Amino acid sequence: MAKPSASRLPTILSESANHIYSEWSAELQGNPDHRLPAAELETQCRNIVTRLAQACRDGNVSDIDAASFIPLRDVLADVSRTRALQGFSSTETATFLLSLKQPLFERLRAVLAAEPARLATETLVASQLIDALGLFMMETYQHAREEVIIRQQTEISELSTPVVKLWQGILALPLIGTLDSARTQVVMENLLDSIVRYEADIAIIDITGVPTVDTLVAQHLLKTVAAARLMGADCIISGIRPQIAQTMVHLGVELNVISKANLSDAFALALRRLGKVVVNQRRGLPTDPV
Amino acid sequence: MDRIPILKLGAALLVTIQVDMHDGLAMALEQDLTTRIVDNGTKGVLIDISALEIVDSFIGRTLANIAMIARVLDADTVVVGMRPAVAITLVELGLSLPGVRTALNAERGMAMIKHRIEREDLAATDEDEGGS
């Protein structure tokens with residue numbers, strides 16, 4: 011690797027920053043993207059080129075962790091984070107910075123045309139520098155994407171555990187999606203809090219939306235039922251689909267709780283337990299209590 | 031030593047735990063309650079733990095023990111007012127208190143005990159009539 015003091019890259023960068031910037035910007039404008047306004051793209055380019063020139067000013071062109079690179083890293087991090095949120099792919103994000111190579115190399119060739127050996131060295135140094143910065147951008151991009159995923163996970167787990175009041179003293183908890191330990195915890199807390207709030211006698215846990223029930227999920231369900239019982243509420247499990255019932259029996263999973271095939275059966279049972287009766291009010295038809 | 035007061039309410043005993051239980055207190059309660067059940071001919075014990083915020087495996091086991099002792103002495107135990115956090119803790123500790131009846135609040139718990147006493151009275155009258 012070329013010694014930092016030997017490299018002429020810093021000088022070239024600061025002398026022709028404007029030139030490189032305008033060429034890069036023109037090249038990017040060549041294939042515009044509707045997600046990114048031209049003005050914003052131009053600002054990003056100018057910021058990156060000026061800060062790159064500033065960062066290299068004291069001769070350091072290889073160590074991007076150095077303090078002089080902090081302003082440039084901030085800009086790059088900001089750019090990749092925004093792009094991650096805007097829905098750009100990782101390739102598009104990386105290509106953006108890597109496309110700086112072309113105007114930069116052209117500039118190097120123009121300035122160092124008389125010294126081919128020098129040109130080769132400088133091109134290598136510049137290439138390594140841009141690659142390092144590109145990798146840094148990718149890392150930030152991924153972090154931003156992971157943050158989005160984590161935030162969505164929390165949102166989903168909060169959204170998907172509503173407790174519905176069906177009747178005075180009867181609650182329903184329609185579960186949707188796979189039950190893992192973390193979600194069971196949220197579900198359990200929600201259900202128990204609602205039992206207290208609505209003074210419920212019976213809670214119906216509907217698992218129509220749960221794709222699979224294995225031993226672990228069954229255990230989570232049983233825990234929830236046990237906790238509800240400790241609070242003085244009975245639980246009914248409903249919505250066990252045929253395939254799931256088969257799987258459970260084949261796996262040897264035992265749910266020693268009252269279970270009903272669908273929510274309406276469970277609701278009917280709950281009403282009966284509370285001493286309520288559903289009657290048909292239309293005349294001429296026999297009343298059929300549930 | 032501190033004691034948890036035990037109130038007599040007809041054929042039932044009412045225990046309200048309003049302080050954080052420590053092991054000594056729990057054991058004292060178990061003893062006192064056993065004695066009172068026998069002395070009063072109790073049919074139902076209502077334990078209100080709505081003020082209990084912290085529970086450990088020992089307290090959980092003591093509650094289960096009290097229920098079992100009461101069962102042996104022909105009395106029902108109803109634990110009422112358990113907080114969600116306490117319920118979760120007990121379940122996670124593996125103590126789901128089988129054999130203990132539970133209710134949401136003291137009112138419902140008392141109704142459960144009354145219901146049982148009335149049913150037994152009814153059965154007793156039937157038997158008497160059948161015998162005479």
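Protein chains in written order, with this note's numbering: chain C, 11 to 300; chain P, 31 to 162.
Don't be surprised by glycine CBs; every beta carbon is placed ideally from N, CA and C.
Just so you know, these numbers come straight off a predicted model, no measurement behind them.
List the whole-angstrom C-beta distance separating residue i from residue j, where the pair is believed to meet the contact cut-off of C-beta under 8 Å.
i, j, result
"Thr239 (chain C)", "Thr132 (chain P)", "Note that residue 239 (chain C) is Arg in the sequence shown, not Thr. 6 Å between Cβ atoms; contact."
"Glu132 (chain C)", "Leu118 (chain C)", "5 Å"
"Leu185 (chain C)", "Asp216 (chain C)", "7 Å"
"Val109 (chain P)", "Lys233 (chain C)", "Their Cβ separation, rounded to whole angstroms, is 18 Å, which puts Val109 (chain P) and Lys233 (chain C) out of contact at 8 Å."
"Ala81 (chain P)", "Ile36 (chain P)", "Going by Cβ atoms, the distance from Ala81 (chain P) to Ile36 (chain P) rounds to 16 Å, so no, they are not a contact pair."
"Ile140 (chain C)", "Leu107 (chain C)", "7 Å"
Could you tell me whether any non-hydrogen atom of the ligand ZN is closer than 7 Å to the CB of residue i?
i, result
"Arg91 (chain P)", "This structure lacks the ligand ZN; in fact it carries no ligand of any kind."
Whose C-beta lies closer than 7 Å to the C-beta of residue i among residues of the same chain, with five residues either side of it excluded?
i, result
"Ala105 (chain P)", "Ile67, Thr72, Lys73, Gly74 and Val75"
"Ser15 (chain C)", "In this prediction, Ser15 (chain C) scores a pLDDT of 46, lower than 50, which makes its location untrustworthy; the coordinate-derived value is nonetheless stated afterwards. Closer than 7 Å at Cβ, skipping near neighbours: Gly69."
"Arg91 (chain C)", "Thr150 and Ala154"
"Ser100 (chain C)", "Met148 and Tyr151"
"Ile30 (chain C)", "Val59, Pro113, Leu114 and Arg117"
"Asn57 (chain C)", "Val85"
"Ala243 (chain C)", "Ile205, Ala210, Asp211, Ile212 and Ala213"
"Ile84 (chain P)", "Asp50"
"Arg283 (chain C)", "Ile212"
"Leu261 (chain C)", "Asp224 and Thr225"
"Ala104 (chain C)", "Gly144, Met147 and Met148"
"Lys13 (chain C)", "At Lys13 (chain C) the pLDDT is 46, less than 50, meaning the model places this residue with poor confidence; the figure from the coordinates comes in the next sentence. Closer than 7 Å at Cβ, skipping near neighbours: no residue."
"His145 (chain P)", "none"
Classify residue i: buried if its beta carbon has 16 or more other beta carbons within 10 angstroms, exposed otherwise.
i, result
"Ile153 (chain P)", "Note on identity: in this sequence residue 153 (chain P) is Ala, with Ile being the wrong assignment. Burial call: exposed."
"Leu255 (chain C)", "Just to set this straight, residue 255 (chain C) is Ala in the shown sequence, not Leu. Classification for Ala255 (chain C): exposed."
"Glu148 (chain P)", "exposed"
"Val45 (chain P)", "buried"
"Ile205 (chain C)", "buried"
"Lys175 (chain C)", "exposed"
"Glu33 (chain C)", "buried"
"Ser191 (chain C)", "exposed"
"Thr171 (chain C)", "buried"
"Lys38 (chain P)", "exposed"
"Ala97 (chain P)", "buried"
"Ala236 (chain C)", "buried"
"Gly139 (chain P)", "buried"
"Val173 (chain C)", "buried"
"His230 (chain C)", "buried"
"Ile166 (chain C)", "exposed"
"Leu145 (chain C)", "exposed"
"Thr65 (chain P)", "exposed"
"Ile160 (chain C)", "exposed"
Residues in the same chain with beta-carbon distance under 8 Å from residue i, minus the five sequence neighbours each way, listed in chain order, please.
i, result
"Thr188 (chain C)", "Val220, Pro221, Thr222 and Val227"
"Val158 (chain C)", "Ala94 and Leu95"
"Asn95 (chain P)", "Glu60"
"Met241 (chain C)", "Leu202, Ile205 and Val206"
"Ile246 (chain C)", "Ile212, Ala213, Ile214, Ile215, Val267, Ile268, Ser269, Lys270, Ala276, Leu279 and Ala280"
"Leu129 (chain C)", "Leu118, Arg119, Leu122 and Ala123"
Is the beta carbon of residue i sitting closer than 8 Å to the one on residue j?
i, j, result
"Gly111 (chain P)", "Asp78 (chain P)", "yes"
"Leu19 (chain C)", "Val71 (chain C)", "yes"
"Leu93 (chain P)", "Leu123 (chain P)", "no"
"Met198 (chain C)", "Ile118 (chain P)", "yes"
"Ser248 (chain C)", "Asp275 (chain C)", "yes"
"Ala87 (chain C)", "Ile180 (chain C)", "no"
"Arg45 (chain C)", "Phe98 (chain C)", "yes"
"Arg91 (chain P)", "Leu63 (chain P)", "no"
"Ser109 (chain C)", "Glu37 (chain C)", "yes"
"Ser24 (chain C)", "Arg83 (chain C)", "no"
"Ile89 (chain P)", "Ala56 (chain P)", "yes"
"Pro42 (chain C)", "Ala48 (chain C)", "yes"
"Val135 (chain C)", "Ser26 (chain C)", "no"
"Asn70 (chain P)", "Leu103 (chain P)", "no"
Among residues of its own chain, excluding the 5 on either side of residue i, which ones have a beta-carbon nearer than 6 Å to its beta-carbon?
i, result
"Phe79 (chain C)", "Ala65"
"Gln54 (chain C)", "Val89"
"Arg292 (chain C)", "none"
"Asp113 (chain P)", "Before going further, note that residue 113 (chain P) is Arg rather than Asp in the sequence given. Contacts found: none."
"Asn200 (chain C)", "Thr171 and Val173"
"Ser35 (chain C)", "Glu52 and Cys55"
Problem set entry | Contact residues within the region 229 to 253 of chain C, judged by C-beta distance below 7 Å to chain P | Within the region 229 to 253 of chain C, those residues whose Cβ lies closer than 7 Å to any Cβ of chain P are, in chain order, Lys233, Ala236, Ala237, Arg239, Leu240, Met241, Gly242 and Ala243.
Exercise. Using Cβ-Cβ distances below 7 Å, what residues of the region 61 to 80 of chain P are close to chain C?
Worked result: Listed in sequence order: no entries.
Problem set entry | Residues within the region 203 to 233 of chain C neighbouring chain P, beta-carbon criterion of under 9 Å | For the region 203 to 233 of chain C, which is checked against every Cβ of chain P, the residues closer than 9 Å are Asp203, Ile205, Val206, Glu209, Ala210, Asp211, Leu232 and Lys233.
For this session: Report the residues of the region 107 to 124 of chain P with a CB closer than 7 Å to any CB of chain C, ordered along the chain.
Result: Answer in chain order: Val110, Met112, Pro114, Ala117, Ile118, Leu120 and Val121.
Problem set entry | Interface positions of the region 167 to 199 of chain C facing chain P (Cβ-Cβ less than 9 Å), listed along the chain | Cβ contacts with chain P: Gln195, Met198 and Glu199.
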